[in-house]
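Student: Structure provided below as structure tokens; questions to follow.
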């Protein structure tokens with residue numbers, strides 16, 4: 001049903017203004033960004049189809065631009081708005097981590113990791129580089145692909161930590177399978193990277209395995 005044919009209380013914009021953004025579904029929020037649908041496909045239906053295609057809102061917002069350009073009706077202006085929304089979310093989550101010690105806000109760390117890594121269809125190894133007060137200097141994706149002890153290069157990680165003047169790190173990688181349980185290889189890699197970082201007096205605080213819905217701490221599992 002076209003948006004104009006919906007009762008005012010069911011239209012996303014009116015619903016948001018009356019009841020707040022939290023009252024809207026993911027499809028309704030996305031429909032507000034898209035504004036108009038396709039020929040023969042109302043915007044709410046299109047929004048729901050896109051979410052299904054990309055595995056939810058996080059999957060859509062983390063989709064590479066090459067994938068977004070293949071979507072009929074999603075021109076440069078709408079792609080730019082989606083990318084802007086993702087960047088706003090990233091900055092909102094990173095700001096408190098830049099202002100005070102990350103250990104004082106563990107929920108923000110996990111939210112940031114799930115946003116950045118949880119919905120990716122391929123494995124990514126990333127690091128939060130921290131200063132001597134354990135405040136965030138930078139979040140960077142370092143390696144992509146199937147991760148192993150040979151695919152993640154300790155030398156490059158150490159070199160980047162020194163370049164940024166980091167005093168400590170939090171590492172993270174995602175499991176696209178959705179299974180958050182750390183593997184034996186994850187434990188072995190964590191030990192190897194901790195040893196390499198220790199040689200240059202950089203602390204490894206934690207290593208998280210991330211999925212869409214979970215962040216599992218290897219430190220909590222006794223690996224660090």
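In UniProt numbering, the protein residues as written are 1 to 224. All C-beta atoms in this analysis are idealised placements derived from N, C-alpha and C, irrespective of residue type, glycine included.
1. Which parts of the UniProt domain "MPN" (102-224) are runs of the beta strand (DSSP E), unbroken and 3 residues or longer, counting only runs that do not cross its ends?
2. So does the segment 153-164 actually touch the segment 203-219, counting three or more Cβ pairs closer than 8 Å?
3. From the DSSP secondary-structure annotation, give me the bridge partner or partners of residue 38.
4. Residue 39: buried (16+ other C-beta within 10 angstroms of its C-beta) or exposed?
5. Tell me which same chain residues have a C-beta within less than 7 Å of the C-beta of residue 47, skipping the five on either side of it?
6. Mind reading off the beta-carbon distance from residue 214 to residue 180? Whole number of angstroms is fine, and I expect it under 8 Å.
7. Comparing alpha-carbon positions, which option in 51, 17 and 176 lies nearest residue 118?
8. Give the secondary structure of residue 94 by DSSP, where H, G and I count as helix, E and B as strand, and everything else as coil.
9. Taking the straight line between their C-alpha atoms, what separation do you get for residue 19 and residue 211?
10. Cutting at 6 Å between CB atoms, please list the residues of its own chain near residue 59, excluding the five before and the five after it.
11. Is the separation between the beta-carbon of residue 110 and that of residue 126 shorter than 7 Å?
12. Give the secondary structure of residue 30 by DSSP, where H, G and I count as helix, E and B as strand, and everything else as coil.
13. Could you say which of 21, 69 and 190 lies nearest to residue 217 if we only look at CA atoms?
Tutor: On the basis of the coordinates in this document:
1. 124-130, 136-144, 168-174, 203-210 and 215-217
2. no
3. 41
4. exposed
5. So the qualifying residues of the chain are 27, 30, 31 and 34.
6. 4 Å
7. 176
8. Secondary structure of residue 94 (DSSP, three-state): helix.
9. Roughly 31 Å between the two C-alpha positions.
10. 119
11. no
12. helix
13. Comparing C-alpha distances from residue 217 to each of 21, 69 and 190 shows the shortest one belongs to 190.
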